[in-house]
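A.B. asks:
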Amino acid sequence: MNLPRLLSFWKMKDRARKIGQTSGFNLLNRLQQVTDNNVRFHLMGHSFGCIFVSATVAGTQNNKLIRPVNSLVLIQGALSLWSFCSNVPHRNNIPGYFRSIITEGKVAGTIVTTQSKHDKAVKNAYPMAGTLGIFGGQDIDFDVNSETFPNVGGIGCDAVFRKHQSRTTTMQKGKIIGDCDKLVTWYKPKSCPKGLSKDEFDALPPSITVREIYYYIVIPGFRTQQVSLITTLLDKATYSPLEIVGLYGKRCDVLATVPEAIGLPTLDELCTQLSDRNKQYTLLHFVSHGRVLDNGETVLYWSKADNTVEAIAATHLLDRLRPLCGAKGLPHFTFLCTCESASPDAEGSLGGLAQRLVRDLGMPAVVAMTDKVTIKTAQTLGEKFYKQLRASGEVDSALHEATAALAERGDVTVPALLLCHPQNKTKLRISSSA
């Protein structure tokens, strides 16, 4: 997908709609007029052709087909995700542009759509072009009377993420649109950065305008922290800074005694969150004190409802988690930032907590500590590990790369990775950081 094609995205979408509603509709309508009801009409479109055939079938309020077509096949459609839905999210109950195809039964048979992760145009380039449409006043759903831009892109999505701490934040650059709120332009780098393929890099536009919001976290007794957020949700009237900050806060749930936490770090609260049908957690990260008792039982020191310390035995923790291994299942990965949570000494009796999470509950992967670990090492390890995990998506390589940067620390060999064997959940594959 080269740049001229990327920038012609909106023109092609609009052209496909107009031709479909006029010439395409007139041709199909004429064919239906000169044939009897036994003649079947099957329409198929690819990419922008999906817009063409959809517009042909939908017609307009004043022009409708004599009878429904028999089927509609949309192959790798370059049209909005919401085109056929009853209510476009955050659009004040506005239906998708082609919703009438569903509500008025304009297709008698099946509507088939295809998607593929290998389609680079639909996966990468078109979402970027959809985001750029706001600068030209384009509307992703062809609702030409709408004055607002939908906050979910045509075949992509908007983003809210934290600005890297190494980048400075100043209100001197960009267009100020409110207190601690401005629009800035980001330019395409001269060379392809790590993590992008050449095709993906070539498909990027020369520049993109994003919104930068910063706020402060004030916790008594601690240094005030400034956080800068970047988002593609540019409309301040639709998305206030407070809403953007709240949206960013929902990226994860925290159980702790801090202002942003959703509850205390108790076992009951953990089970309540994991059993919530409206949530689906991918990973768990525990930060707490822990040790192995003389009888081989691993103990974690968490909180009670009254915010006093409670010793949670690993056996009790597993008994509470086991019923949650149902339809939704437990998270796929757990990081136990807890001393002796994978202690080999515990294997002589009950087994370490990490080993039991994998062996007894079938958790695919667990990173835990084989011995005592300093707070500084544990914190640094977590930061580097998740950064590497995000880049590679591989737990084992992320742990090795994270510990490589901590080679001078005396407790760097403490972390270990336990993996559930793909063929037999009773077998473990242990990867030490050494």
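To convert a position in the sequence shown, counted from 1, into our numbering, add 36.
Note that beta-carbon positions come from the ideal geometry of N, C-alpha and C, so glycine has one too.
Can you name, in chain order, every residue of its own chain whose Cβ lies under 7 Å from the Cβ of Tyr306, other than the five neighbours on each side?
C.D. replies: The residue you asked about is not Tyr; residue 306 is Leu in the sequence shown. So the list reads Leu291, once near-sequence residues are dropped.
A.B. asks: Using 10 angstroms around the beta-carbon of Val409, count the other beta-carbons present and answer buried if the total reaches 16, otherwise exposed.
C.D. replies: When all chains shown are included, Val409 counts as buried.
A.B. asks: If we call anything under 7 Å between Cβ atoms a contact, is Ser90 one with Gln112?
C.D. replies: no
A.B. asks: Go to Arg198, then tell me how far its alpha helix (DSSP H) extends in each direction, as first and last residue.
C.D. replies: Run containing Arg198: none in the alpha helix (DSSP H); it sits in the beta strand (DSSP E), 196–198.
A.B. asks: Keeping to the same chain, check which residues put their C-beta closer than 7 Å to that of Ala390; ignore five residues upstream and five downstream.
C.D. replies: Leu372, Ser377, Ala378, Val402, Ala404, Leu454
A.B. asks: What's the gap between the Cα of Lys315 and the Cα of Ile249?
C.D. replies: Distance between the alpha carbons of Lys315 and Ile249: 27 Å.
A.B. asks: Assuming Leu397 and Arg356 are in contact, meaning their beta carbons sit under 8 Å apart, how far apart are those beta carbons, in whole angstroms?
C.D. replies: Not confirmed; about 11 Å, so no contact.
A.B. asks: Let's test the definition: count the other Cβ atoms within 10 Å of the Cβ of Leu353 and tell me whether it reaches 16, buried, or not, exposed.
C.D. replies: buried
A.B. asks: State the start and end residues of the unbroken alpha helix (DSSP H) segment that holds Ile212.
C.D. replies: Counting along the chain, Ile212 falls outside any alpha helix (DSSP H), though it belongs to the beta strand (DSSP E) covering 211–214.
A.B. asks: I need the DSSP call for Leu101, collapsed to helix, strand or coil.
C.D. replies: It is coil, neither helix nor strand.
A.B. asks: Distance, Cα to Cα, Arg395 vs His200?
C.D. replies: 38 Å
A.B. asks: Beta carbon of Lys224, beta carbon of Pro242: below 7 Å?
C.D. replies: yes
A.B. asks: Would you list, in sequence order, the uninterrupted beta strand (DSSP E) runs of no fewer than 3 residues that lie entirely inside the segment 57–85?
C.D. replies: Complete beta strand (DSSP E) runs here, min 3: 78–82.
A.B. asks: Under 8 Å: do the segment 212–224 and the segment 272–290 share three or more Cβ pairs, one atom per stretch?
C.D. replies: yes
A.B. asks: Pull up the DSSP beta-bridge partners for Val335, would you.
C.D. replies: When DSSP reads this structure, Val335 sits in a beta bridge with Arg327, Ala349.
A.B. asks: According to DSSP, simplified to helix, strand and coil, what is Lys423?
C.D. replies: helix
A.B. asks: Which whole-angstrom value is the C-beta distance of Ala434 and Phe421, which I expect to be below 8 Å?
C.D. replies: 5 Å
A.B. asks: Phe88 by DSSP, collapsed to three states: which one?
C.D. replies: In the structure shown, Phe88 falls within a helical segment according to DSSP collapsed to helix, strand and coil.
A.B. asks: Considering just the uninterrupted stretch of the beta strand (DSSP E) at Leu219, what are its terminal residues?
C.D. replies: 217–223
A.B. asks: For the putative contact between Val143 and Leu110, defined by C-beta atoms under 8 Å, what is the C-beta separation to the nearest angstrom?
C.D. replies: In fact, because the Cβ distance is near 11 Å, the residues do not count as touching under 8 Å.
A.B. asks: Taking just the CA atoms, how far does Ser385 sit from Leu336?
C.D. replies: 17 Å
A.B. asks: When DSSP builds the beta bridges, which residues end up paired with Ser107?
C.D. replies: His78
A.B. asks: Once you ignore the five residues that flank Pro104 on each side, which residues in its own chain have a CB closer than 7 Å to its CB?
C.D. replies: Gly141, Lys142, Val143, Ala144
A.B. asks: Beta-carbon within less than 8 Å of Leu360's beta-carbon, same chain only, minus the 5 sequence neighbours each way: which residues are those?
C.D. replies: Cys307, Leu310, Ser311, Leu366
A.B. asks: Buried or exposed: Ala452, going by 16 or more other Cβ atoms within 10 Å of its Cβ?
C.D. replies: Label assigned to Ala452: buried.
A.B. asks: State the DSSP-derived secondary structure class of Asn187, mapped to helix, strand or coil.
C.D. replies: In this predicted model, Asn187 has a pLDDT of only 37, less than 50, meaning its place in the structure is not dependable enough to derive any value.
A.B. asks: Find out if the Cβ-Cβ distance for the pair Ala349, Glu333 is shorter than 7 Å.
C.D. replies: In contact: Ala349 and Glu333 (Cβ atoms closer than 7 Å).
A.B. asks: Check Tyr477 in the structure and name its three-state DSSP category.
C.D. replies: No answer is possible for residue 477: the residues shown for the chain start at 37 and end at 470.
A.B. asks: On the DSSP bridge list, what partners appear for Ala401?
C.D. replies: As a beta-bridge residue in DSSP terms, Ala401 pairs with Phe369, Leu455.
A.B. asks: Going by the beta-carbon positions, is the gap between Gln69 and Thr96 smaller than 7 Å?
C.D. replies: no
A.B. asks: Hey, could you find the ends of the beta strand (DSSP E) Val148 is sitting in?
C.D. replies: 147–150
A.B. asks: So, is Met80 buried or exposed, given that buried needs 16 or more other C-beta atoms within 10 angstroms?
C.D. replies: Exposed.
A.B. asks: Do Asp194 and Leu269 count as a contact pair if the criterion is CB distance below 7 Å?
C.D. replies: yes
A.B. asks: For Gly326, I'd like the list of residues in its chain whose CB is within less than 7 Å of its CB, leaving aside the five on either flank, ordered along the chain.
C.D. replies: Thr334, Val335, Leu336, Tyr337, Thr374, Cys375, Glu376, Ser377
A.B. asks: If the criterion is Cβ atoms closer than 7 Å, does the pair Asp407 and Val450 meet it?
C.D. replies: yes
A.B. asks: Is any heavy atom in the ligand NAP found nearer than 6 Å to the beta carbon of Trp222?
C.D. replies: Among the components modelled here there is no ligand, and therefore nothing to report on the ligand NAP.
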